[in-house]
Structures are given as C-alpha cells and as structure tokens.
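**Student:**
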Amino acid sequence: MKIGIISDIHSNLEALNGVLYELKDCDEIVCLGDICHFGADTNACFDTLLNLKNFSMVKGNHDSYSNKFYRGNYEIKTELEAYIEYMLFRTNSQYQEYISNLPYVISRNISGRRIAFTHFKWDTSHETSSVPILPINNKDLNTIFSGVESEIVFFGHTHFSQDNIINADDRRGKIRYINFGPVGTPHFSPALARFGVIEINDKGNVCVEKKAIPYDKSLTVSKIAKLNHPFVPFILKKFFSN
Ligand SMILES: [Fe+2]
C-alpha cells in the first residue's frame with residue numbers, strides 16, 4: 026500500500042499539479058486540509074483532487090473559515106475576513122457542500138499499523154488555534170494531539186516540516202508525528218512544493234519518504250497579483266517572497 030500525503034495546497038494549482046504527477050503511482054492520495062485561500066485557483070484545485078480515483082481529505086482551518094462564511098455565519102471586521110468573503114464569491118458552492126461533510130480526522134488500520142491523518146487538532150477548536158513556536162516541541166505535540174490513539178500521526182497546518190518520535194505515556198507508548206510541510210505556501214523555505222509518500226507492506230513495515238519539488242512559482246504569483254483585493258500584497262509578502 027503506497028499513500029501520497031499532501032497538505033496546505035492553498036489554491037496553488039501549479040504546485041498541486043507538479044506534486045500529483047510525482048504521486049501518480051500511489052494507491053491513494055490523502056490531503057490533510059487547507060485547499061482554500063491565498064492562491065488564485067481554488068475551484069481548479071478542487072476539480073483536480075475530486076477527480077482522483079482514491080482521494081480522501083480532512084478539513085483544514087481555512088476550509089472551515091470559508092465554509093463558515095458560506096453558511097452566512099460571519100461579520101467583517103478585518104482585512105482577512107474581507108478577503109475570505111471575496112474568495113468565497115469565487116468558490117463553487119458544490120465544493121462548499123463537500124467541505125461541510127469533511128471529517129477532522131481520518132484514522133486507519135493498515136496492515137496492523139494505526140495511522141491518523143489530521144490537519145492539526147482533533148476537533149473544531151483548530152479554527153481559532155494559533156501556531157506555537159516552530160518546530161513544535163515534544164511536550165506541545167503531546168498536548169495538541171492528546172486524543173490520539175494512533176502510532177503515526179500525519180498533520181499539516183504549521184507549513185513547517187518536522188518528524189518527531191515521542192514517548193507519549195505508558196498506555197499509548199511511542200507516537201511518531203510527521204508534517205511534510207505545505208504544497209502551496211513556501212514561506213519557510215525556498216519555493217518548493219512539499220509532500221510525502223508512505224509505503225506499508227503486508228507485515229506492517231512502514232517506509233516514510235519526504236519529498237520536495239520545484240514548480241512555476243512566477244505563474245502562481247502572477248495569478249494571485251491579478252486578484253483585486255487589498256489583502257493580496259500581504260499574501261505575496263508572507264508566502265511568496267522567498
Ligand atoms: Fe494552511
């Protein structure tokens with residue numbers, strides 16, 4: 026069983042297409058959330074992913090924000106909120122219905138190995154959670170994922186790549202927490218799309234591979250720059266100035 030793991034696409038179609046090409050021989054693709062916001066191609070990213078044969082995903086905080094606005098549950102006080110509304114008008118309603126039904130966690134047992142996929146926290150509280158100092162230390166990881174019963178936890182959200190093996194407690198034993206980094210928002214490192222592949226054989230042996238590829242960042246940036254919203258300069262500076 027070979028699974029491609031992607032996270033934090035943030036509507037970056039160029040990065041997503043490059044990554045999916047690299048993952049074409051995987052048995053399935055799992056997305057750890059955050060398709061929405063920052064890039065210009067939200068609909069095209071949903072189109073691409075939902076046309077994959079074996080695709081599943083969890084809800085990210087930005088998917089949640091967008092969906093909350095779609096439900097009419099918002100008021101605009103900040104430029105970010107104005108931007109979320111602006112992007113909402115550019116997102117097909119069928120994708121909002123899809124987001125509504127997404128889980129926060131997918132837990133699987135593959136060849137006897139208990140594996141979990143999540144964006145960040147185990148419940149809806151991730152909608153307002155800020156990111157701690159990076160990389161997240163072992164103590165904070167154990168707190169953030171205190172509900173976990175899995176041996177390996179794949180998460181996203183922080184846009185920062187890390188791989189920690191922690192002694193959780195006597196009951197839960199060792200837990201490995203892996204974040205491959207973002208597909209679409211390369212703000213902590215040069216403009217590469219980051220993702221991972223795991224292979225689990227029949228005996229339950231797990232092989233984890235961390236990957237990064239270049240893509241046409243100038244095309245991504247030019248599309249974002251064409252969006253007519255005052256939040257756009259912040260996005261370009263924060264996520265694409267490397
Ligand atoms: Fe994100």
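Quick note on the working numbering: the sequence shown kicks off at 26 and runs consecutively. We put the beta carbon where it would ideally sit given N, CA and C, even for glycine.
(1) Taking ILE140 as the reference, give the member of ASN162, TYR111, LYS199 with the closest Cα.
(2) How far does the alpha helix (DSSP H) with ASP88 in it reach, from first residue to last?
(3) What span of residues does the alpha helix (DSSP H) with ALA65 cover, start to end?
(4) Would you mind giving the Cβ-Cβ distance between VAL83 and GLY64, rounded to the nearest angstrom? I have them listed as a contact below 8 Å.
(5) Evaluate the contact criterion for the region 37-54 versus the region 70-84: three or more CB pairs, one atom per stretch, below 8 Å.
(6) Comparing the CB of ASP72 with every heavy atom of ligand 1, is any distance shorter than 7 Å?
(7) Could you name the residues that DSSP lists as bridge partners for SER175?
(8) Can you list, in chain order, the residues of its chain with a C-beta nearer than 7 Å to that of TYR261? Leave out the 5 residues immediately preceding and following it.
(9) Below 8 Å CB to CB, which residues in the same chain sit around ILE109 once its five sequence neighbours on both sides are set aside?
(10) Count the other C-beta atoms from every protein chain shown that fall within 10 angstroms of the C-beta of SER16, then say buried if there are 16 or more, exposed otherwise.
(11) So what's GLU234 in DSSP terms, helix, strand or just coil?
(12) Tell me where the beta strand (DSSP E) around VAL208 begins and ends.
(13) Have a look at the DSSP bridge pairing and note the partners of ASN47.
(14) Quick check: what's the CA-CA separation for VAL231 versus GLY181?
(15) Applying the 10 Å Cβ sphere with the 16-neighbour rule, what's the burial state of TYR46?
(16) When we look at the beta-carbon of PRO211 and count the other beta-carbons within 10 Å, is it buried (16 or more) or exposed?
(17) Rounded C-beta distance between PHE259 and ILE30? I'm assuming under 8 Å.
(18) Is any heavy atom of ligand 1 found at a distance shorter than 7 Å from the C-beta of GLY229?
(19) Let me know the secondary structure DSSP gives PHE220 once reduced to three states.
(20) Under a Cβ-count criterion, where at least 16 other Cβ atoms within 10 Å of its own Cβ denotes burial, should ILE223 be classed as buried or exposed?
**Tutor:** To lay it out plainly:
(1) LYS199
(2) 86-95
(3) First-last for ALA65: undefined, no H or E at that position.
(4) So it is not a contact: roughly 19 Å between Cβ atoms.
(5) yes
(6) no
(7) Its beta-bridge partners do not exist; DSSP assigns none.
(8) According to the sequence displayed, residue 261 carries Leu and not Tyr. Within the same chain, LEU261 has close Cβ partners VAL246, ILE249, ALA250.
(9) HIS62, TYR90, SER91, PHE94, TYR99
(10) Outside the modelled stretch of the chain, which goes from 26 to 267, sits residue 16, for which no answer is possible.
(11) strand
(12) Per DSSP, VAL208 belongs to no beta strand (DSSP E) and is neither H nor E.
(13) A small fix is needed here, since residue 47 is Glu in this sequence, not Asn. Answer by DSSP bridge pairing: none, since GLU47 is not bridged.
(14) 20 Å
(15) exposed
(16) buried
(17) Not quite, the Cβ-Cβ distance comes to about 29 Å (not below 8 Å), so this is no contact.
(18) no
(19) strand
(20) buried
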